Amino acid sequence: MRSMPGKSRAVLIGTSTYSDADLPDIPQVGPGLAELGRLFTALGLVQGCDLLLDQPSVPELGRGLTAAMDLAEDLLLVYYIGHGLVGRSHELYLGMRDSVPAHPDFGSLSYNSLRERVLDSPAATKIVILDCCFSGRALGSALSSQVDELIIDGTYLLTSSPRDRVSLVLPGEEHTAFTGRLLRLLSTGIPGRGDHVTIDDVYHELLRVMTASGLPRPQKRATRAADQFRIPNRAAVVSPEDLRAQVEAVVDVARASGWPTAVDDLTGLLNRQLDSLPTDHPDVLRTQSHVLFALAAGGAAAESAGRLAEVHAAQVGVHGQDHVDPLRTQHYLAICVGESEGPLAAIPLLRLLTPAQRRVLGYEHEDTLRAHHTLARYLYRSGAVEEAQVLLEEVLVIRERALAADDPVLLRSRRDLELVRGWSGG
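For what it's worth, the working numbering labels the leading residue of the sequence shown as 279, then goes sequentially.
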């Protein structure tokens with residue numbers, strides 16, 4: 279049983295701030311959910327992630343849950359980080375901003391409600407992971423003796439604690455104890471296994487790690503072979519082709535969601551490529567180029583520019599000038615120069631690049647369109663509004679033929695053109 283990413287979705291729920299003094303804030307929630315989303319996508323488990331962080335009310339959260347869950351057909355993965363509360367009848371509640379520990383039925387999300395909604399999902403496989411910071415007393419009667427009541431048919435349920443133990447946040451750690459170790463395990467894999475491991479393998483390795491560290495022992499339940507759900511094992515020897523595909527998947531996400539979020543994943547993949555490939559291998563140079571651009575997008579444009587020039591020279595040595603890889607690195611380099619030295623420094627570089635792209639790749643290649651879009655932006659910022667408008671109009675015509683109406687790239691093109699037209703009065 280393996281996920282089909284095009285039909286798979288993760289719903290990441292968490293509450294980091296609480297109004298009740300008895301529920302301390304958990305600042306690790308946001309970073310943990312963000313990292314989980316990046317990793318689930320990089321592993322190819324899901325096509326997209328819906329982040330529902332610090333929702334203002336149960337109805338608002340419910341609407342977000344419903345919209346997200348309806349999109350999943352193959353896999354639905356629901357992950358919660360926050361405080362767990364137990365009601366008078368030992369039912370589980372997931373804490374929200376205005377939860378009251380003594381009366382969790384007011385302002386908290388009932389697990390039973392979440393369970394019913396997951397049951398309604400059309401997804402064939404459902405994974406629910408709860409990283410809840412319970413008080414020991416509350417957890418004692420809720421999650422240990424009645425964990426079977428939490429399970430959903432056809433679902434794998436993984437919880438961070440047994441009955442009377444508290445899920446922990448350790449001093450100096452970026453993530454909660456459970457989520458941090460799960461992230462590390464999925465990121466590095468399980469040595470000595472094949473290309474894939476099951477989610478049950480992940481549970482048993484996580485149990486070993488948590489127990490060895492004196493941390494609460496996670497629990498799990500599964501029905502209908504959900505425990506055989508397969509996950510890529512990053513500790514396995516992976517072919518260059520598989521690593522290349524993983525890099526491309528991370529880059530696709532970075533283009534849609536923001537390059538700075540991809541630094542860790544791209545760096546990890548680069549290190550894995552270097553384990554088996556020479557430093558001048560095309561795949562290594564290509565990933566280095568992506569890593570440097572991601573670092574530049576995070577604020578290191580000037581530092582990345584020099585190193586991108588070195589990568590570009592190496593790519594020209596391997597491929598010659600007329601190849602997609604050095605042309606793409608030229609584009610990255612031009613952006614770094616534009617962001618560190620200003621638009622006027624980048625425009626000449628882009629005027630040299632774009633004709634080469636049209637000749638080598640064709641005008642409708644997405645790399646060519648990206649570079650023309652970048653040139654239009656810098657022209658606009660430098661005051662050449664009319665030329666910027668002409669370029670954006672040409673780019674938009676092609677993208678409207680090739681992309682879906684709600685594609686983020688197309689929407690961004692339209693937004694930029696509207697901005698330029700508004701400035702020029704056209």
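For each residue, glycine too, the CB sits at the ideal point set by N, CA and C.
Remember, it's a predicted structure, so these values are computed and weren't measured experimentally.
Opposing strand residues paired with residue i [DSSP bridges]
i      : result
GLU499 : Contrary to the premise, residue 499 reads as Arg rather than Glu in this sequence. ARG499 is bridged to LEU435.
THR476 : ARG508
ARG287 : GLY326, LEU354
LEU392 : LEU392 is not bridged to any residue.
LEU387 : LEU372
LEU331 : GLY292
Nearest-angstrom beta carbon gap, residue j and residue i [assumed within contact, 8 Å]
i      : j      : result
GLY546 : ALA514 : So it is not a contact: roughly 14 Å between Cβ atoms.
LEU363 : SER386 : 6 Å
LEU544 : VAL525 : 7 Å
ILE304 : VAL531 : ILE304 to VAL531, Cβ: 26 Å. No contact.
LEU355 : LEU323 : 7 Å
SER297 : ASP376 : 5 Å
ARG395 : MET347 : 6 Å
ARG459 : VAL487 : 5 Å
LEU372 : CYS410 : 7 Å
Three-state secondary structure assigned by DSSP to residue i
i      : result
HIS559 : coil
ILE468 : coil
GLU295 : At residue 295 the sequence reads Thr, which differs from the Glu that was named. Here THR295 sits in coil by DSSP.
TYR357 : strand
SER399 : coil
GLY362 : strand
VAL447 : coil
TYR710 : For residue 710 there is no data in the structure shown, the boundaries of the chain being 279 and 704.
LEU349 : coil
ILE407 : strand
LEU485 : helix
ARG629 : helix
LEU301 : coil
GLU678 : helix
ASP603 : helix
GLN306 : coil
VAL515 : coil
LEU493 : coil
GLY640 : coil
GLY661 : coil
GLU452 : coil
PRO379 : coil
ASP645 : helix
ASP684 : coil
LEU314 : helix
SER691 : helix
GLY620 : coil
LEU321 : coil
GLY598 : coil
Backbone CA spacing between residue i and residue j [nearest angstrom]
i      : j      : result
VAL541 : ARG699 : 35 Å
TYR389 : GLU369 : 8 Å
ARG462 : VAL663 : 48 Å
ASP685 : LEU555 : 35 Å
ARG659 : ARG606 : 22 Å
HIS601 : CYS614 : 20 Å
ALA572 : VAL589 : 14 Å
ASP473 : ILE509 : 9 Å
GLY450 : GLN306 : 11 Å
SER691 : ALA649 : 12 Å
PRO400 : ALA288 : 14 Å
GLN333 : MET374 : 7 Å
LEU517 : ALA527 : Position check: residue 517 holds Ser in this sequence, whereas Leu was assumed. Spanning the two alpha carbons is a distance of roughly 15 Å.
HIS273 : PRO309 : Any question about residue 273 goes unanswered here, given that the chain covers just 279 to 704.
ASP398 : LEU353 : 13 Å
ALA380 : ARG341 : 26 Å
LEU653 : LEU681 : 21 Å
SER294 : PHE318 : 21 Å
ILE405 : ASP603 : 39 Å
GLY360 : PHE456 : 12 Å
VAL336 : THR437 : 22 Å
GLU338 : ARG366 : 25 Å
ILE286 : THR403 : The question names Ile, yet the displayed sequence has Ser at residue 286. So the two alpha carbons sit approximately 9 Å from each other.
GLY492 : LYS498 : 18 Å
MET282 : THR476 : No answer about MET282 holds up, because its pLDDT of 43 lies below 50 and its placement is not dependable.
PRO626 : LEU311 : 42 Å
ASP505 : LEU484 : 14 Å
TYR357 : ALA579 : 35 Å
ARG646 : HIS482 : Checking the displayed sequence, the identity of residue 646 turns out to be Thr instead of Arg. So the alpha carbons of these two residues sit roughly 48 Å apart.
HIS651 : LEU697 : 13 Å
LEU689 : ALA683 : 8 Å
ARG564 : ILE676 : 26 Å
PRO560 : ALA523 : 14 Å
Exercise for the section: Could you name each continuous alpha helix (DSSP H) segment of 4 residues or more that falls completely within the segment 529 to 578, going from the start of the chain to the end? Expected result: Taken in chain order, the complete alpha helix (DSSP H) segments of 4 or more residues contained in the segment 529 to 578 are 541 to 552, 560 to 573.
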